[in-house]
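Protein chains in written order, with our numbering: chain A, 1 to 329; chain B, 1 to 329; chain C, 1 to 329; chain D, 1 to 329.
Where is the CB? At the ideal position from N, CA and C, for every residue including glycine.
Worksheet: one structure, shown below.
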Amino acid sequence: MSDAGVEMTYREALREAIREALNRDPRVFLMGEDVGRYGGCYAVTKGLYDEFGPERIRDTPLSESAFTGAGIGAALGGMRPIVEIMTVNFSLLALDQIVNNAATIRHMSGGQFNVPLVIRMATGAGKQLAAQHSHSLEGWYAHVPGLKVVAPATIRDARGMLWTALEDPDPVVIFEHVMLYNRSGPLAADAGAVPITGAAVRREGTDVSLITYGGSLFKALEAADALQQEGIAAEVVDLRSLRPLDDATIMGSVGKTHRAVIVDEGWRTGSLAAEISARIMEQAFWALDAPVGRVCSAEVPIPYPRHLEDAALPQVPDIVAAARATLGR
Amino acid sequence: MSDAGVEMTYREALREAIREALNRDPRVFLMGEDVGRYGGCYAVTKGLYDEFGPERIRDTPLSESAFTGAGIGAALGGMRPIVEIMTVNFSLLALDQIVNNAATIRHMSGGQFNVPLVIRMATGAGKQLAAQHSHSLEGWYAHVPGLKVVAPATIRDARGMLWTALEDPDPVVIFEHVMLYNRSGPLAADAGAVPITGAAVRREGTDVSLITYGGSLFKALEAADALQQEGIAAEVVDLRSLRPLDDATIMGSVGKTHRAVIVDEGWRTGSLAAEISARIMEQAFWALDAPVGRVCSAEVPIPYPRHLEDAALPQVPDIVAAARATLGR
Amino acid sequence: MSTPDKLHLNRDHALHLLRGMLRIRRFEERCAELYTEEKIRGFLHLYIGEEAIAVGAMQSLTPEDAVCATYREHGHALARGLPMTTLMAEMYGKRAGCSGGRGGSMHLFDAASRFYGGSAIVGGLLPLAVGIALADKLQGRQRVTACFFGEGAAAEGAFHESLNLAALWQLPVLFVCENNLYAMGTALDRSESETHIFRKAESYRVPAESVDGMDVIAVEVAARRAAADIRDGAGPRFLECLTYRFRAHSMFDAQLYRDKAEVEAWKQKGPILRFGQWMQETGMLDAAERDAMEADIAAELDEAVAFAEGGAAEPVEELTRDVYTEPRS
Amino acid sequence: MSTPDKLHLNRDHALHLLRGMLRIRRFEERCAELYTEEKIRGFLHLYIGEEAIAVGAMQSLTPEDAVCATYREHGHALARGLPMTTLMAEMYGKRAGCSGGRGGSMHLFDAASRFYGGSAIVGGLLPLAVGIALADKLQGRQRVTACFFGEGAAAEGAFHESLNLAALWQLPVLFVCENNLYAMGTALDRSESETHIFRKAESYRVPAESVDGMDVIAVEVAARRAAADIRDGAGPRFLECLTYRFRAHSMFDAQLYRDKAEVEAWKQKGPILRFGQWMQETGMLDAAERDAMEADIAAELDEAVAFAEGGAAEPVEELTRDVYTEPRS
Ligand SMILES: Cc1ncc(C[n+]2csc(CCOP(=O)(O)OP(=O)(O)O)c2C)c(N)n1
Ligand SMILES: Cc1ncc(C[n+]2csc(CCOP(=O)(O)OP(=O)(O)O)c2C)c(N)n1
Ligand SMILES: [Mg+2]
Ligand SMILES: [Mg+2]
């Protein structure tokens, strides 16, 4: 989190990662809606079209199912495609391809074929885009055997995970929270590849573990600051990988703090937070001094007005309150 | 479970329910692939085409997205459509319509429109149909605010829930486990409508709660029999409604037994079982004498051969073992 | 311009059309300003340049007909008769908005005028339109459902499935494709192998025609003819209206994908410019009358803005209202 | 029958074609028996009646080309050159099966012959075929990807999106629609407003033709011509092959949707019957030779069944193998 080096945004870090991959491996290409001439709906790919041309920065028609499936096919055919789906809400149109093909072909073929595909998509709320553009369904992807799922939260992870994902022989889905694109921070000049399977402890603490990922990481860190003021030392765990989950790091933290709160922007019922709570139940029950808490989104399609959107999402005071509650305060 | 009355299969109970609805309300019609002339891929609708004709038992082309969306539109237009999707795996093709339209329109319109739509689909494994026909994704639907989700396990519920679902002003998704269609049992002549929001205790017990739904109910009951032999009195809770979850019944049972095992045919990570475990954590932690266990499917696309399919799914011995484990045996 | 019909055009009707287009233009211009002032947030897609389509097509509909549109639907809402006041309040996310403030710019709904708004999933409302029309047909109502969408939507699977269903079942749908040559930054010939969208419609045996979408009369004439056929039970009809958006796709867009000269050339063909000039040339409208019309509209707009400014916000306590149908408080 | 070409047909090739079709026919018949004996389970879709298409079309492919098919793909696998032994072992779910026993009848894969099998999601492999072809094109390989699917698939959104992508990007895909007039129990004119599927292809500007799918030579000729064009870089081609399945859709199906006379009439046009007769009439094949061919095939089949019977099952411990790429044990 405190690498010295050049300052860049999360968006730029992603762009650098894509640029590097394109330069490094001729099999890599990027495809999706408006990734080329338009520069990407969140401007991640801006400039790459001019640099790499229409074959490698490939604009697609509005056909999420076909171009995602084409990415699977291209991966089978020896390429290393990066498919960009504008937001996770639209990815439902491609979910059949991802679940029924990308995630199963290796198994169904008895290991003969593998699908080295990377799918990137934006997720999350915070921009007042309302009920069809704001959801956090990454937990669904984390449910599917055959997929790997990551959610880089830091500049370093945004820069370093793509290459690792592209080197992976199996399909990897990368979730980029919309509120992170403009965040900036320093990136060490020699910052290299980042593994895509492990969680990271972003802040050490002894009293309660705040377990989170993606856009909620910074809220959790803020909450930890606030808790510090009250003399509560919160540890913050950034999952980074949503599938597989890094049980060792999670249980390591809970084993130390004996209390945990999970922060997850998905709707509460059936959230990824539930899975983590269930795992702590199974693996660390006897170490718990209090029930594990969850701070999730309210069960409502995200409403348009700022104040209602804010109210629907996990916020710092909610995290602070949930952490306090585990300490009986 | 022990109603006296006429003996019928789960399939017949569903058919009776559909027939009754069609007779009762002229706004009701059924549409889906091969529901008509063919008689339904699982023969649920056999004979109804001859009885009600092509307008009300409406065969559709292979277009899950459009005919599900058309169901939403017809509901908005004043009809009471029942949409049949052959299996939950194919429903991924319609998921955009269900999540982005059916579940949101009421909210997005500020309550002006509601979507009185019922969607039925088969779910689950056990017929050696392999990796694209065997999954249990009902937990995903249970994640979505705006939907109601039910999983009738008994003949009585299969017969009685459809009418309640059709009377509901909001979209209701009904999951029918493929291994239930041939089960038969008695149905009381006066068996009426069944509510779609509450769980049911199917067997009383004091030592451990087995919480389950759908196709796994009968495995849990069998496990309870086996446990009885060992002097362990298991209570079996049939969730019936997956959204909303009936916390009162769940916590009531756990409050009594102090131990719980959740049986769910979904893949373990991110399963509905995780949600139930997390809720017990939150609402009944201090009542627990042991960590809540989960018996779920192995994290593999369901393989074709019988022995591997069996091994992938929750089985009675697994449930017995998990229940024993909560008792330290 | 389509003179033959225009000769029979009476002055009142011409004034009505001009006013309809002007109201939209001014409304959109004001929205752009309000966006800059941060009164309106989220995505904002302006209809400037395309007014002739909504205004022309809407002339063919009766109050009992239904309308489905996209995220670029302010114009359709106004032309359909939604008051500017509640529309503007919706832009502000206020309780008095036409969607109770929940939807914002992309999700306008109005039960009274059967306006099903407002979908931000490209192509997502086509299946719904089919279903609404099916409901009308099944209930023996002589109604039309008009469904507006961009040419970008024609690449989506939902387009294909919906056209086929509507044609197969001979449903009363008027499909109106607003072909403005771009889907965000993707030019039509980069997204479709067949760039004549109406030919696609013909491949489903849906009678289709291509119309000058900059000519309000041409659109009205074509729409009236199509709607009459539909009402006669002749099945669906399809209009491709050739048009152009004068502004960015949404509020932020560097427009690198098209050049200024192209935009300028299209502006010269602007629907308001041409129709206004023609009315002046033919003596239907003098400068003073035009000024009066503008003043009227400006007053209406001021009133709308005042209404929106003065409107109450939804209380945060009501966050989860209208997720399910419940007795309203 | 397409005499002009047949005159140039040498005897060896004719024998090759006949043998190819007979091998499929006998294989399928044996599968049906084995299903009754419960050696094969799950869904089993036989290709009986349609053999001319796979055999004829496959003549146009080289070993470097790729093949995508459906759940009714035993014939394609055999015609592509997969050995009967490993195919039959796959039907049995044995380790030595072409998909390691994981896939069964609906999921046949073979890396050596670029056979991408085996999808049970109708229309689901069209996007993959597009992607495989894209990979070939990007890598400058002169290869064809042949994609087989039923006419029922033409209604799915994936068909539409895939045809457009292939045409837009001028990809080397040979689309082969096996129009057997029914999708399960749904007759073509109940599922498509335009029943000439090749006309649909034309609407994407994909050159398309309709071929007698009961005439192996006609299919071969058309496929060779199409494949040659594709290899020349002329973009995708589309063949609609008119055919009929002589048996039930899958193993269980009362076939209420069609009458026996229709089935009988088509049987008289059977591809093996006609081609065999023609060969006898032209003196290419006498009864003794035909008997010898049958005996050969029977022996090959016996060997395949013995191979499958004798094959080892996957150990249960390997249940989750090949979900992700790992060093094989
Ligand atoms: C399914 C889906 N994919 C992508 C988007 C992002 N998106 C919003 S508008 C748009 C362009 C649509 O173009 P068109 O249909 O021509 O309508 P226009 O904006 O030109 O009126 C895109 C790609 C979306 N909203 N939904
Ligand atoms: C997406 C999807 N929907 C439904 C099914 C169930 N289903 C299996 S085969 C079939 C009929 C397909 O017909 P067609 O494409 O004509 O191929 P055929 O079986 O005639 O060879 C259906 C509806 C499926 N497998 N996948
Ligand atoms: Mg457009
Ligand atoms: Mg067919």
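7 angstroms Cβ cut-off: residues of chain B touching G111/A: Chain-ordered listing is empty here: chain B has no CB closer than 7 angstroms to the CB of G111/A, the nearest sitting near 12 angstroms.
Contact list for N100/B against chain C, beta-carbon separation under 9 angstroms: Residues of chain C passing the Cβ test: S119, A120, I121, G124.
Beta carbon nearer than 7 angstroms to a non-hydrogen atom of ligand 6: As presented, the structure is devoid of ligand 6, carrying ligand 1, ligand 2, ligand 3 and ligand 4 as its sole ligands.
Stretch-stretch touch, CB-based, cutoff 8 angstroms, three pairs: the segment 65-79 of chain C with the segment 34-49 of chain C: These segments touch.
Cβ contact check for the segment 40-52 of chain A and the segment 97-106 of chain D: 3 or more pairs under 8 angstroms: Under the Cβ criterion (8 angstroms, minimum of three pairs), the segment 40-52 of chain A does not count as touching the segment 97-106 of chain D.
Which of helix, strand or coil DSSP assigns to L319/D: L319/D: coil per DSSP, three-state reduction.
Inter-stretch contact (C-beta, 8 angstroms, three-pair minimum) for the segment 168-182 of chain D and the segment 90-108 of chain A: The segment 168-182 of chain D is not in contact with the segment 90-108 of chain A.
Contacts around R205/D, its chain only, beta-carbon distance under 8 angstroms, and the 5 residues preceding and following it disregarded: Excluding sequence neighbours, R205/D sits near A167.
Beta carbon of S332/A nearer than 8 angstroms to that of E265/A: The shown model of chain A, from 1 to 329, leaves out residue 332/A, and the question about it has no answer.
Through-space distance from P186/A to A133/C, alpha-carbon basis: Near 56 angstroms, if we compare the C-alpha coordinates of P186/A and A133/C.
Local Cβ density within 10 Å of Q128/B, reported as buried at 16 or more and exposed below that: Residue environment for Q128/B: buried (at least 16 other C-beta atoms within 10 angstroms of its C-beta).
Cβ pair count under 8 angstroms reaching 3, the segment 106-113 of chain A against the segment 77-96 of chain A: When Cβ pairs closer than 8 angstroms are counted between the two stretches, the segment 106-113 of chain A is seen not to touch the segment 77-96 of chain A, the count staying below three.
C-beta atoms of T86/C and A96/C nearer than 8 angstroms: Going by C-beta atoms, T86/C is nearer than 8 angstroms to A96/C.
Proximity test, Cβ basis, 8 angstroms: M79/B and chain C: Output row for M79/B: interface = yes.
Closest residue to V211/D among G124/D, N179/D, E326/D, A248/D (Cα-Cα distance): Out of G124/D, N179/D, E326/D, A248/D, N179/D has the C-alpha closest to the C-alpha of V211/D.
Contact the segment 304-324 of chain C vs the segment 255-272 of chain D: 3+ CB pairs below 8 angstroms: Output reads no: the segment 255-272 of chain D does not touch the segment 304-324 of chain C.
Residue from E90/C, D12/C, Y116/C, V144/C with nearest C-alpha to A234/C: Considering only alpha carbons, the answer is V144/C.
Segment limits, alpha helix (DSSP H) that includes H107/B: Unbroken alpha helix (DSSP H) run through H107/B: 105-108.
Three-state secondary structure (DSSP) of F238/C: In the structure shown, F238/C sits in a strand (DSSP, three-state: E or B).
Cα-Cα separation, V118/A to L242/D: Here the alpha carbons of L242/D and V118/A stand approximately 39 angstroms from one another.
Chain-ordered neighbours of T68/B on chain A, where CB pairs are closer than 8 angstroms: The contacting residues do not exist; T68/B stays about 12 angstroms from chain A at best.
Cβ-based burial, P54/A [other Cβ within 10 Å; buried from 16]: With fewer than 16 other CB atoms across the displayed protein chains lying within 10 angstroms of its CB, P54/A is exposed.
Chain-ordered chain A contacts of L134/D [CB-CB under 8 angstroms]: The CB of L134/D comes closer than 8 angstroms to the CB of A70, G73, A74, G77, M79 in chain A, given here in chain order.
DSSP-derived helix/strand/coil call for F109/D: In the structure shown, F109/D sits in coil (DSSP, three-state: anything other than H, G, I, E or B).
Per-residue DSSP class, three states only, for P271/D: Three-state DSSP puts P271/D in a helix.
Euclidean distance between Cα positions of G276/C and L18/C: Their Cα atoms are separated by approximately 7 angstroms.
Separation of W267/A from T320/C, as counted between CA atoms: Going from the Cα of T320/C to the Cα of W267/A covers about 12 angstroms.
Contact check, H258/A vs A287/A, beta carbons under 8 angstroms: Taking 8 angstroms as the cut-off, the beta carbon of H258/A is found closer than this to the beta carbon of A287/A.
Within-8 angstroms CB hit, E275/B to chain A: With 8 angstroms as the cut-off, E275/B counts as an interface residue toward chain A.
Residues near A103/A in its chain [Cβ-Cβ closer than 6 angstroms; skip 5 each side]: If the five residues before and after A103/A are omitted, its C-beta is found closer than 6 angstroms to the C-beta atoms of V144, G146, L147, all from its own chain and listed in chain order.
Contact with chain A by F285/B, beta-carbon distance below 8 angstroms: Yes, F285/B lies at the interface with chain A (some Cβ there is under 8 angstroms from its Cβ).
Segment contact flag, the segment 8-28 of chain A with the segment 192-202 of chain A, C-beta cutoff 8 angstroms, min 3 pairs: Here the segment 8-28 of chain A makes no contact with the segment 192-202 of chain A; the two share fewer than three CB pairs at distances below 8 angstroms.
Reduced DSSP secondary structure (H/G/I, E/B, other) of W278/D: If DSSP states are grouped into helix, strand and coil, W278/D belongs with the helices.
Check: F252/D C-beta below 7 angstroms from any heavy atom of ligand 2: Result no, Cβ not under 7 angstroms from ligand 2.
Assigned secondary structure, R19/B (DSSP; H/G/I helix, E/B strand, else coil): Per DSSP, reduced to three states, the secondary structure at R19/B is helical.
Distance cut-off 7 angstroms: T70/D Cβ against heavy atoms of ligand 2: Checking every heavy atom of ligand 2 against the Cβ of T70/D, one is found closer than 7 angstroms.
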